[in-house]
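Peer 1:
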Amino acid sequence: MVNYKQCESLFTENGLEYSEEIHEKLSAYCDFLIEYNQKVNLTAITDPEEIWVKHFLDSILLVKYVNIPEGASLIDVGTGAGFPSVPLKIYRNDLQITLLDSLNKRIKFLDQLCERVGVKAVTVHSRAEDAANSPLYREKFDVATARAVAAMPMLTEYCMGFVKKGGIFAAMKGPNEKISDAANAIKVMCGKALQEIEYTLNKTEQRKIFVVEKLSQTSLKYPRNSSQIKNKPL
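Okay, structure coming up:
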């Protein structure tokens, strides 16, 4: 267990506010993740201090570096164990989050997690390309985000269909990609590259956030099926 003072210092040193309520919910999240991970493989990171830095802090830093409006609707594509969206919701309760994942065992975990930590969220069991072509989710969100799901050209095609005109796609990435790698995909999906933000996670690991603005409606031809996306990225 990581104590309150340690966590408060971690957050404040990274320019983020912290509170007893946030700590209580993240602590419950951490405990449940470690417990559930013993029967369902959700994360390779199981040390509580590493979970706090590499999962919780890294997820929440998105709202430090990217302007996400009050009350924004946000879809987390390929959310896995709930990153970045569930920590974001704990930190910014005004956000309306939708958790999308293709594996039902992860959705079951997320449903139980959200109930346990008192987070209101919509969970969706679907492949990204199928959900992005559904009228329920097509261009319905102010923000789409994803964390280390696929290379940027593919990820852009998976995610941009969810974003409404004027909204943004914010991709959380490692240090070895550039937003220019996805220049054609961004153009085809009717977006505009806004920012390539570089930061250091807790003074140790390099990270990037790519921000893409949605300029107009994406052609209904996209996203394609997953084999086309993987075999011939835009």
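All residue numbers for the sequence shown refer to the working numbering, where the first residue is 14 and numbers rise by one.
Every residue, glycine too, gets a C-beta built ideally from N, C-alpha and C.
Here the structure is a predicted model, which means the values were calculated and not measured.
1) Using 8 Å as the Cβ pair cut-off and three pairs as the minimum, do the stretch 220-235 and the stretch 168-187 touch?
2) Where in the stretch 162-210 do unbroken runs of the alpha helix (DSSP H), each at least 4 residues long, occur, reported from the N-terminal end onward?
3) Could you round the C-beta distance between F254 and E152 to whole angstroms and report it? I think they count as a contact, below 8 Å.
4) Taking 6 Å as the limit between beta carbons, can you name the residues of its chain near D107, skipping five residues before and five after?
5) Under the three-state reduction of DSSP, which class applies to V15: helix, strand or coil?
6) By the DSSP assignment, the beta strand (DSSP E) with S86 in it spans what residues?
7) Check whether the Cβ atoms of P188 and R160 sit closer than 8 Å, and answer yes or no.
8) Rounded to the nearest angstrom, what separates H68 and N244 at their Cα positions?
9) Would you say the stretch 38-57 touches the stretch 118-132, given that touching needs at least three Cβ pairs under 8 Å?
10) Of all the options R119, P246, K77, C20, which has the alpha carbon lying nearest to the alpha carbon of Y212?
11) Answer with buried or exposed for L233, where buried requires no fewer than 16 other C-beta atoms within 10 angstroms of its C-beta.
12) Rounded to whole angstroms, how far is the Cβ of T169 from the Cβ of P97, which I believe are closer than 8 Å?
13) In whole angstroms, give me the CA-to-CA distance for P61 and F24.
14) Please name the residue or residues paired with H138 in a DSSP beta bridge.
15) Would S147 be called buried (16 or more neighbouring beta carbons within 10 Å of its own) or exposed?
16) Cα separation between I210 and G28?
17) Closest to V53 by C-alpha separation, out of T231, R140, A94, would be which residue?
18) Got a sec? Which residues, its chain only, sit under 7 Å from V79 by beta carbon, not counting five neighbours each side?
19) What's the gap between the Cα of S22 and the Cα of Q51?
Peer 2: According to the structure data:
1) At 8 Å Cβ cutoff, the stretches touch.
2) Annotation note: the stretch 162-210 contains the following uninterrupted alpha helix (DSSP H) runs of length 4 or greater, listed N- to C-terminal: 165-172, 196-201.
3) Residue 254 lies beyond the range of the chain shown here (14 to 247); nothing can be said about it.
4) E83, G84
5) coil
6) 86-90
7) No, they are not a contact pair.
8) 30 Å
9) For the pair of segments examined, the stretch 38-57 was found to touch the stretch 118-132: the number of CB pairs separated by less than 8 Å reaches three.
10) K77
11) exposed
12) Going by Cβ atoms, the distance from T169 to P97 rounds to 18 Å, so no, they are not a contact pair.
13) 15 Å
14) D114
15) exposed
16) 16 Å
17) The shortest Cα separation from V53 among T231, R140, A94 belongs to A94.
18) A183, I222, V224
19) 29 Å
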